[in-house]
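One structure is given below, encoded as structure tokens.
Numbering (the UniProt record's numbering), first residue to last: 1 to 433.
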């Protein structure tokens, strides 16, 4: 009967009353009882008891905690705290205190039973004096308690039927599941009138077959008697699956980090170009230049057809008459020579499919231009000024010194005040002479 005592009235008791498991708790609003009335816990077998509290919610589980082995209470009051007096925890007894001396004494206790593996919030308590548990607690007093829970009640017992079952220092002869005792013999019962399923419910099936009953196992159990546990399909690989997920996430993060580093590295290596307007360039070696005269070029009044050289060497005819030859007016006509040297004829253009040689084509056109006597520029005589006989320019070799007497600098006085010093200088020299 583990019990936790609060400072004023609050307390929690786990006890066995009339062969049934009960929890009596007081969070300051009075006694409340949570029980498992449909389960006989005084059957001499080992049972696992779990008690959980979340605020004012109390959860009680017996063994697997299924169906009748589970109870829950959730009061609507506002009491959520349980103040313990010195964190006192008592096992298998109800303890009271003398209000004058403060001495503790046992008022109620379990008899002929055994408790082991007591845990608080998952941590193990010591069960004897000097024992070491997982919490910093010690056993201060043991009353009517032994250190061991051994029982050998079935030693040397021969059951007339079934097998011997140790029910804590007592023994019982019991038949196997699905059987009952008739005339000191265990006989099979073809229905669900006797316990058959360890962790399940017995149901009847078609009586025409050899099997007339079946166990519907609770969640997590399997087997014909529901005495085996089920391993979830993903339980064995849950760790590996979690590890794989973590590995994939880490790999993705590393990949994103590598891509980010590469992008930053490429941006740093890429040169930065300043997109400046050419008109804003102020370097001395750069000037805006328009060789056509700032947009004043003539694109309409000039005949561009006169620039390309005609392929045919024949005369050009006027557009107003096919029989009238075109006469050039920009130069004097060239008399026809008596005998013109033969010109080299250009070979015909190859067919586009023959892939002509561009170099040979350029050489042929250059040869045609060099050998054509009628092609500009036309030869003419240009006379320019020359030095020598008949030239008004004198030779440097004819220069000679002359006397200063032939020079007259009086005209400097007529040039005004800016030349007065120069006139005085030269005029003074003449006076000395």
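For each residue, glycine too, the CB sits at the ideal point set by N, CA and C. Computed from a predicted structure; not experimentally measured.
Residue i burial status per 10 Å Cβ neighbour count (16 or more: buried)
| i | result |
| --- | --- |
| residue 183 | exposed |
| residue 247 | exposed |
| residue 196 | buried |
| residue 155 | exposed |
| residue 202 | buried |
| residue 358 | exposed |
| residue 261 | exposed |
| residue 23 | buried |
Close beta carbons around residue i, own chain, < 7 Å, minus the five adjacent residues each side
| i | result |
| --- | --- |
| residue 189 | 178, 179, 180 |
| residue 164 | 154, 157, 171, 173 |
| residue 116 | 127, 149 |
Reduced DSSP secondary structure (H/G/I, E/B, other) of residue i
| i | result |
| --- | --- |
| residue 60 | strand |
| residue 268 | helix |
| residue 425 | helix |
| residue 201 | strand |
| residue 212 | coil |
| residue 171 | strand |
| residue 47 | coil |
| residue 367 | helix |
| residue 180 | strand |
| residue 143 | coil |
| residue 254 | helix |
| residue 166 | strand |
| residue 138 | coil |
| residue 194 | coil |
Same chain, Cβ closer than 6 Å to residue i, neighbours up to 5 away in sequence not counted
| i | result |
| --- | --- |
| residue 441 | With the chain covering only 1 through 433, there is no way to say anything about residue 441. |
| residue 419 | 412 |
| residue 32 | 25 |
| residue 194 | 180 |
| residue 72 | 59 |
| residue 239 | With a pLDDT of 47 at residue 239, under the threshold of 50, the modelled position of this residue cannot be trusted, and the question is left open. |
Separation of residue j from residue i, as counted between CA atoms
| i | j | result |
| --- | --- | --- |
| residue 137 | residue 119 | 12 Å |
| residue 59 | residue 69 | 11 Å |
| residue 244 | residue 251 | 10 Å |
| residue 175 | residue 185 | 9 Å |
| residue 166 | residue 47 | 14 Å |
| residue 49 | residue 158 | 32 Å |
| residue 376 | residue 363 | 19 Å |
| residue 416 | residue 425 | 15 Å |
| residue 127 | residue 52 | 21 Å |
| residue 37 | residue 242 | 42 Å |
| residue 13 | residue 151 | 27 Å |
| residue 11 | residue 96 | 12 Å |
| residue 263 | residue 256 | 11 Å |
| residue 187 | residue 123 | 46 Å |
| residue 441 | residue 141 | There is no way to answer for residue 441, as the model of the chain reaches only from 1 to 433. |
| residue 267 | residue 220 | 59 Å |
| residue 229 | residue 27 | 38 Å |
| residue 67 | residue 258 | 56 Å |
| residue 192 | residue 224 | 14 Å |
| residue 169 | residue 144 | 16 Å |
| residue 139 | residue 106 | 16 Å |
| residue 422 | residue 414 | 12 Å |
| residue 35 | residue 56 | 16 Å |
| residue 222 | residue 212 | 19 Å |
| residue 100 | residue 160 | 59 Å |
| residue 368 | residue 374 | 11 Å |
| residue 125 | residue 54 | 21 Å |
| residue 265 | residue 249 | 24 Å |
Beta-ladder partner(s) of residue i, from DSSP
| i | result |
| --- | --- |
| residue 124 | 119 |
| residue 222 | 228 |
| residue 161 | DSSP output for residue 161 lists no bridge partner at all. |
| residue 34 | 23 |
| residue 72 | 59 |
| residue 54 | 57 |
| residue 187 | 180 |
| residue 114 | Answer is none; residue 114 lacks a bridge partner. |
| residue 154 | None, per the DSSP bridge assignment. |
| residue 149 | In DSSP, residue 149 forms no bridge with anything. |
is_contact[residue i, chain C] using C-beta, thresh 8 Å
| i | result |
| --- | --- |
| residue 24 | Protein chains in the displayed structure number just one, and chain C is not present. |
Residues of its chain near residue i, where Cβ-Cβ distance is below 8 Å and the 5 sequence neighbours each way are ignored
| i | result |
| --- | --- |
| residue 162 | 173, 174, 175, 176, 179, 181, 186 |
| residue 41 | 16, 19, 20, 21, 47, 62 |
| residue 44 | 165, 166, 167, 168, 170, 172 |
| residue 253 | none |
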